[in-house]
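Chemist: Dumping the structure here so I can ask a few things about it.
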Amino acid sequence: MCPCNYERKQRTSSQTRAIRPHFLVHSPFSSPLAQPTSVKQATRAAPHRAKKPQTHLSSSQQTYQKPRSPSTWSSNARLMVLGMAPPQERDYIGLSPAAAAATELRLGLPGTEDAAADGGGATTGAPLTLELLSKGGAKRGFAGAAGGKAVAEEEDDEKKKAQAPAAKAQVVGWPPIRSYRKNTMATNISAPKSKDEVGAKQAPVPGCLYVKVSMDGAPYLRKVDLKMYKNYKELSLELEKKFSCFTVGHGESNGKSGRDGLSDCRLMDLKSGAELVLTYEDKDGDWMLVGDVPWRMFTDSCRRMRIMKGSDAVGLAPRATEKIKNQK
Amino acid sequence: MSEEDEDQAPPKRPRATPPPDQVLDNVLETVLQFLAAPRDRSAASLVCRSWHRAESATRVSLAVRNILAASPARAARRFPNAHHILLKGRPRFADFNLLPPGWAGSAFRPWAAAFASAAFPALRSLSLKRITVTDDDLDLLARSLPPSFRELSFLLCDGFSSRGLASIASHCRGLRVLDVVDCEMNEEDDEVSDWVAAFPPGPTNLESLCFECFTPQVPFAALEALVARSPRLRRLGVNQHVSLGQLRRLMALTPHLTHLGTGAFRPGDGAEDEGLDLGQILTAFSSAGRANTLVSLSGFRDLAPEYLLTIATVAAANLTSLDLSYAPVTPDQFLPFIAQCRNLETLWVLDSVRDEGLDAMASFCKKLQFLRVLPLDAHEDADELVSEIGLAAISEGCRGLRSILYFCQRMTNAAVITMSQNCPELKVFRLCIMGRHQPDHMTGEPMDEGFGAIVRNCSKLTRLSTSGRLTDRAFEYIGKYGKSVRTLSVAFAGDGDLALQHLLQGCSKLEKLEIRDCPFGDAGLLSGMHHFYNMRFVWMSGCNLTLQGCKEVARRLPRMVVELVNSQPESERTDGVDILYMYRSLEGPREDVPPFVKIL
Chain H
99 MCPCNYERKQ RTSSQTRAIR PHFLVHSPFS SPLAQPTSVK QATRAAPHRA KKPQTHLSSS
159 QQTYQKPRSP STWSSNARLM VLGMAPPQER DYIGLSPAAA AATELRLGLP GTEDAAADGG
219 GATTGAPLTL ELLSKGGAKR GFAGAAGGKA VAEEEDDEKK KAQAPAAKAQ VVGWPPIRSY
279 RKNTMATNIS APKSKDEVGA KQAPVPGCLY VKVSMDGAPY LRKVDLKMYK NYKELSLELE
339 KKFSCFTVGH GESNGKSGRD GLSDCRLMDL KSGAELVLTY EDKDGDWMLV GDVPWRMFTD
399 SCRRMRIMKG SDAVGLAPRA TEKIKNQK
Chain V
188 MSEEDEDQAP PKRPRATPPP DQVLDNVLET VLQFLAAPRD RSAASLVCRS WHRAESATRV
248 SLAVRNILAA SPARAARRFP NAHHILLKGR PRFADFNLLP PGWAGSAFRP WAAAFASAAF
308 PALRSLSLKR ITVTDDDLDL LARSLPPSFR ELSFLLCDGF SSRGLASIAS HCRGLRVLDV
368 VDCEMNEEDD EVSDWVAAFP PGPTNLESLC FECFTPQVPF AALEALVARS PRLRRLGVNQ
428 HVSLGQLRRL MALTPHLTHL GTGAFRPGDG AEDEGLDLGQ ILTAFSSAGR ANTLVSLSGF
488 RDLAPEYLLT IATVAAANLT SLDLSYAPVT PDQFLPFIAQ CRNLETLWVL DSVRDEGLDA
548 MASFCKKLQF LRVLPLDAHE DADELVSEIG LAAISEGCRG LRSILYFCQR MTNAAVITMS
608 QNCPELKVFR LCIMGRHQPD HMTGEPMDEG FGAIVRNCSK LTRLSTSGRL TDRAFEYIGK
668 YGKSVRTLSV AFAGDGDLAL QHLLQGCSKL EKLEIRDCPF GDAGLLSGMH HFYNMRFVWM
728 SGCNLTLQGC KEVARRLPRM VVELVNSQPE SERTDGVDIL YMYRSLEGPR EDVPPFVKIL
């Protein structure tokens, strides 16, 4: 077997899940208009689950249905809750699936925990949630969670199949250009400059943009290529995967994970009720919550990302925090 | 015994003649100081013990090209009087995200600790390449370096921030060179230290200050003040936040600059840019041109092309080095400029200049030796901007070419063969056809003949990077003719183990081998057993190696450290070996190994 296509596999197969945090992305722009190219993905058939039409979110409660196809997803969904697929095999820390399931972290507002527990009981108990924008009172039903695992995998396979014909698969580290240079050129090209450059035919929009993602307590940064994802959901899934190893150890000093610390972490997080939010720094240097702007605008303006505690994110988006206050 | 005191005055009566062997040592040390080349020095040190001692005492330049190969304590014991130290860390493929973060093999900490305990009391300059340096390391370093310390340069390093630079600036009195090149600095969000202002007040000895890769903005007032009180400044490289107006003011303060990193090269919004026009920039560069000192330009991070020509007529004639690799200039903007650069020896440019830009460059820059054509859009399916026409044109015009790095989408064997025939001086040939497995697009054949011609005709070739569709035949050529090749990078090529066998058995001077995503297995790897101790490292990722094969290598070569790295720590790969990185080392396996690395 020649692994000549060293593809960055976002989700390879059902065997490669590990504990992953959830990212809740507040995405008011998840309408078909704002999601430009996601229609390329094949519509996924999920016959064993009723497709519930997504109603436009208001501040009132909404039962959330896990999205299965771009059309149902993007039709006015205001919340992205990513279903958690329980791990199938040992992740690199060496947890067995059963043990991992038993020690999953849950970070979320008190209201949501119960709702999630009800719906998710069929699988492996409470999944890990990092809430980007918590809707305190909104009940989130993980109605599809029972079939969530199977469906998520199916979704992944289809996504992979659909992506391959859409664009040539991007290989890690090829062409051999450093990501700093790739990013700098991406910035140069995407912003049209002075009068004489607007008319000039420059190269097409480049297809990669590496941003650093740092997490409080993690020993090192990760980098993600924003252009590999078409919407917030894909980004969130990838970040879950990358940072799962850290969230398990979250709360310990230096973020070093260990089997011993897992139960401690879980308690600590539940006790402090710490929410983790995903924020990004835009071109102007302001820190904003991820999910406020359309995806395209986000990729154009995002410089780097940071997963921080909800308490740190207070000053970021007043509108969002007010909503939290109103609904608590 | 011989009275070898020709370089000493005849001893006075009361003072006894030093014993003869000590005299011999003195002479030896004096003579050895003239021996500079490291290979010669190594040879001299093998003669006998006293030569070994003398050579160790007089070694001034120490290059540890793999910091995992020797510990700082060992280096300090052997070469205590080192003045210049070069340290290289990570393997090159780590630059392309092939090595997962947390690999931790390139940490500076042990060396920082060694410097702190006065291991190298005569240290004057330190150069670090691909090494992870933290702010604490820099702090430690700053406080403990000897007063003779003068030069610090970082190339492709990471892990530190402005806080570390501030420590260095404030504590290293007498610092002459501070170069931070292509580094990925981690800035803590709101706490960017003003390291420029951290330099002590009063005149500084700075000769070179380069921070083009520094991402946050440096307060201009502090920068201007620093430049104003650095009368010896000859090399200045500013980052992309320095606007054209600000640059003009800095140039006015430094009339004798030799190397200038121009920052954004676009007028900004600040006070310094008010009323800025072409005439003022022209004046600035014409004084630089008159002084005849400015030889190197880089930067142009946000180039406003209308200002490019201001340099052309007045200062371009003196330029020997030009880096436009962050400036997407079109052929019309490039041509009038390059026409003036007749003395250019080094050029880094983007492929936005297209084949006609390269053709023009080749017709004007006859003295060109080092060329890099980098892609504007680094993707396999990007538009084709340069092609074999550009390569052939370069070879026609620049006969003295020594080193070329060329990115393109497609290539032909004919053009590569032409280059091999026209440029016999080539030492570095790196061709990157961005489409993987691309054959010659005119004939449909693999690129074997092209690369074969390169190794056959360019007898001085020491570094080769291949790309495109290559069969085992190409490697047969490389093995047969590439007798002076020291560094070889291979990606997505070859048909099987025979190719690797050709390489390892043919290239007798091979020192660094980087392979990715080729169908090479254990048999190929094991065919190089006789040679691995002569090599600095071998990197094979995405190939068909197995655990058994690597274990066999580790068993038979105990002094090689064989690291198996799992490149995707999030997912378990149970079959095959992901990344093999092996290197010779005097220290044995390292201890700071993360869970996804296995050392056999």
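The listed protein sequences correspond, in order, to chains H and V.
For the first sequence, my numbering begins at 99 and goes up steadily by one.
For the second sequence, my numbering begins at 188 and goes up steadily by one.
Each residue gets a CB set at the ideal place from its N, CA and C atoms; glycine is no exception.
1) Please return the same chain residues whose Cβ sits closer than 8 Å to the Cβ of Ile786/V, not counting the five positions on each side in sequence.
2) Please list the partners that Tyr278/H has in chain V, where partner means a Cβ-to-Cβ separation under 8 Å.
3) Contact between the stretch 538-545 of chain V and the stretch 482-493 of chain V: three or more CB pairs below 8 Å?
4) Could you tell me the distance, in whole angstroms, from the CA atom of Glu378/V to the CA atom of Leu387/H?
5) Quick one, which of Pro442/V, Phe662/V, Asp709/V and Gly622/V has its alpha-carbon nearest Gly637/V's?
6) Compare the Cα-Cα distances from Arg279/V to each of Val270/H, Val269/H, Gln268/H and Pro274/H and report the closest residue.
7) Considering just the uninterrupted stretch of the beta strand (DSSP E) at Ser395/V, what are its terminal residues?
8) Using a beta-carbon distance below 7 Å, is Gly450/V in contact with chain H?
9) Who pairs with Tyr593/V in a beta bridge, going by DSSP?
10) Provide the residue span of the alpha helix (DSSP H) that contains His358/V, from first to last.
11) Using the beta-carbon of each residue, which ones in chain V are nearer than 7 Å to Tyr318/H?
12) Does any residue of chain V have a CB that is nearer than 7 Å to the CB of Gly315/H?
13) Go ahead and pull the three-state DSSP assignment for His566/V.
14) Since Gly424/V sits in a beta bridge, which residues does DSSP pair it with?
15) Rounded to the nearest angstrom, what separates Asp282/V and Asn253/V at their Cα positions?
16) Using a Cβ-Cβ cut-off of 6 Å (strictly less than) and excluding sequence neighbours within five positions of Gly584/V, which residues of its own chain qualify?
17) When the cut-off is 7 Å and only beta carbons count, does Pro274/H lie next to chain V?
18) If you follow the alpha helix (DSSP H) that Met372/V is part of, which residue opens it and which one closes it?
19) What are the residues in the stretch 560-575 of chain V lying within 8 Å of chain H by C-beta distance?
20) Mind pulling the chain H residues with CB within less than 9 Å of Tyr513/V?
21) If you draw a straight line from the alpha carbon of Asp398/H to that of Asp704/V, how long is it in whole angstroms?
22) Is there a Cβ from chain H that is less than 7 Å from the Cβ of Asp282/V?
23) Can you say whether Lys280/H is buried or exposed, counting buried as having 16 or more other CB atoms within 10 angstroms of its CB?
24) Classify Val482/V as helix, strand or coil using the three-state DSSP reduction.
25) Over what stretch of residues does the alpha helix (DSSP H) that includes Ile272/V continue unbroken?
26) Please tell me whether Cys645/V has its Cβ less than 7 Å away from any Cβ of chain H.
27) Quick check on the burial criterion: 16 or more other C-beta atoms within 10 angstroms. Buried or exposed for Lys647/V?
28) Whole angstroms are fine: how far does the CA of Gly683/V sit from the CA of Thr733/V?
29) Would you say Leu285/V lies against chain H (beta-carbon separation less than 7 Å)?
30) Run the CB neighbour count on Leu469/V, radius 10 Å, all protein chains shown included, and call it buried at 16 or more, exposed below.
31) Looking at the unbroken beta strand (DSSP E) that takes in Thr702/V, where does it start and where does it end?
32) Tell me the DSSP secondary structure of Phe307/V in three-state form.
33) Return the Cβ separation of Leu313/V and Leu339/V in integer angstroms, given the expectation that the two are a contact with Cβ distance under 8 Å.
34) State the Cα-Cα distance for the pair Gly587/V and Gly466/V, rounded to the nearest angstrom.
35) On a Cα-Cα basis, can you pick out the residue from Pro287/V, Asp542/V, Ala502/V and Ser582/V that is closest to Gln596/V?
36) Does any residue of chain V have a CB that is nearer than 7 Å to the CB of Ala148/H?
Modeler: So, to answer that:
1) Here residue 786/V corresponds to residue number 599 of the second sequence, with the count starting at 1. Correct list, in chain order: Val748, Val749, Glu750, Leu751, Pro776, Arg777 and Val780.
2) Position 180 of the first sequence, counted from the start, is the residue given in the question as residue 278/H. At a beta-carbon threshold of 8 Å, the residues of chain V lying near Tyr278/H are Asp369, Glu371 and Cys400, ordered along the chain.
3) Contact fails: fewer than three Cβ-Cβ distances are below 8 Å.
4) Here residue 378/V refers to the residue found at position 191 when the second sequence is read from its first residue. Here residue 387/H refers to the residue found at position 289 when the first sequence is read from its first residue. As the crow flies, the alpha-carbon of Glu378/V is around 20 Å from that of Leu387/H.
5) Residue numbering aside, residue 637/V sits at position 450 when the second sequence is read from its first letter. Taking only the C-alpha atoms, the option nearest Gly637/V is Phe662/V.
6) Against the second sequence, residue 279/V aligns to sequence position 92. Considering only Val270/H, Val269/H, Gln268/H and Pro274/H, the residue with the shortest C-alpha distance to Arg279/V is Pro274/H.
7) Working through the second sequence from its first residue, we reach residue 395/V at position 208. Start and end: Ser395 to Cys397.
8) Within the second sequence, the letter at position 263 stands for residue 450/V. Judged by the 7 Å Cβ criterion, Gly450/V is not in contact with chain H.
9) As a first step, residue 593/V must be located in the second sequence, where it is residue number 406. Tyr593/V is bridged to Val560/V and Leu618/V.
10) Position 171 of the second sequence, counting from 1, holds the residue named residue 358/V. Its alpha helix (DSSP H) spans residues Ser349 to His358.
11) Locating residue 318/H in the first sequence gives position 220, counting from the first residue. Here the neighbours are Pro288 and Gly289.
12) The sequence position of residue 315/H within the first sequence is 217, counting from 1. Not closer than 7 Å to any Cβ of chain V, the Cβ of Gly315/H fails to qualify, so no.
13) Along the second sequence, read from residue 1 onward, the residue named residue 566/V stands at position 379. In the three-state scheme derived from DSSP, where H, G and I count as helix and E and B as strand, His566/V is classed as coil.
14) Within the second sequence, residue 424/V is the residue found at index 237, counting from 1. Cys397/V and Gly448/V.
15) Walking along the second sequence from the start, residue 282/V turns up at place 95. Walking along the second sequence from the start, residue 253/V turns up at place 66. Here the alpha carbons of Asn253/V and Asp282/V stand approximately 16 Å from one another.
16) The residue labelled residue 584/V in the question sits at position 397 within the second sequence. Once the five neighbours on either side are set aside, the close Cβ partners of Gly584/V are Ala549 and Ser550.
17) The residue given as residue 274/H occupies position 176 in the first sequence. Chain V contact via Cβ: present.
18) On the second sequence, position 185 is the one that residue 372/V refers to. For Met372/V, there is no enclosing alpha helix (DSSP H), since its DSSP letter is neither H nor E.
19) Taken in chain order, the members of the stretch 560-575 of chain V whose beta-carbon sits within less than 8 Å of a beta-carbon on chain H are Leu561, Pro562, Leu563, Asp564, Ala565, His566, Glu567, Asp568, Ala569, Asp570 and Leu572.
20) Here the question's residue 513/V lines up with position 326 in the second sequence. Chain order gives the chain H residues near Tyr513/V as Arg279, Thr282, Met283 and Asn286, where near means a beta carbon separation below 9 Å.
21) Translated into positions along the first sequence, residue 398/H becomes position 300. Translated into positions along the second sequence, residue 704/V becomes position 517. Distance from the CA atom of Asp398/H to the CA atom of Asp704/V, rounded to whole angstroms, is 32 Å.
22) Working through the second sequence from its first residue, we reach residue 282/V at position 95. A Cβ of chain H is located within less than 7 Å of the beta carbon of Asp282/V.
23) Along the first sequence, one-based indexing puts residue 280/H at 182. In the assembly as shown, Lys280/H is a buried residue. Its beta-carbon has 16 or more other beta-carbons within 10 Å.
24) On the second sequence, residue 482/V is found 295 positions in, with the first residue counted as 1. The answer is coil: DSSP assigns Val482/V none of H, G, I, E or B.
25) By 1-based counting over the second sequence, the position of residue 272/V is 85. Note, Ile272/V: premise wrong, no alpha helix (DSSP H); beta strand (DSSP E) at His271 to Lys275.
26) Stepping through the second sequence from its first residue, residue 645/V is reached at position 458. So no, Cys645/V is outside the interface.
27) By one-based count along the second sequence, residue 647/V stands at place 460. Around the beta carbon of Lys647/V, a 10 Å sphere encloses fewer than 16 other beta carbons of the protein chains shown; the residue is thus reported as exposed.
28) Along the second sequence, one-based indexing puts residue 733/V at 546. Along the second sequence, one-based indexing puts residue 683/V at 496. Near 15 Å, if we compare the C-alpha coordinates of Gly683/V and Thr733/V.
29) Here residue 285/V is taken as the residue at index 98 of the second sequence, counted from 1. So, interface residue.
30) Taking the second sequence and counting its residues from 1, one reaches residue 469/V at position 282. Here Leu469/V is buried: its Cβ has 16 or more other Cβ atoms, across all protein chains shown, within 10 Å.
31) Sequence index remark: in the second sequence, residue 702/V carries index 515 (1-based). In the sequence under discussion, the amino acid at residue 702/V is Ile, which differs from the Thr named in the question. Lys699 to Arg703 is the extent of the beta strand (DSSP E) around Ile702/V.
32) Position 120 of the second sequence, counted from the first residue, corresponds to residue 307/V. DSSP places Phe307/V in coil when its eight states are reduced to three.
33) For this step, residue 313/V is matched to residue 126 along the second sequence. For this step, residue 339/V is matched to residue 152 along the second sequence. Their Cβ separation, rounded to whole angstroms, is 5 Å, which keeps Leu313/V and Leu339/V in contact under 8 Å.
34) Here residue 587/V corresponds to residue number 400 of the second sequence, with the count starting at 1. Here residue 466/V corresponds to residue number 279 of the second sequence, with the count starting at 1. Approximately 37 Å, taken between the alpha carbons.
35) As a first step, residue 596/V is located in the second sequence; it is residue number 409 there, counting from the start. Taking the Cα of Gln596/V as reference, the smallest distance to any Cα among Pro287/V, Asp542/V, Ala502/V and Ser582/V is reached at Asp542/V.
36) Here residue 148/H is taken as the residue at index 50 of the first sequence, counted from 1. Confidence in Ala148/H is poor, its pLDDT being 42 and thus under 50, which makes the residue's placement unreliable; the coordinate value appears in the next sentence. Chain V contact via Cβ: absent.
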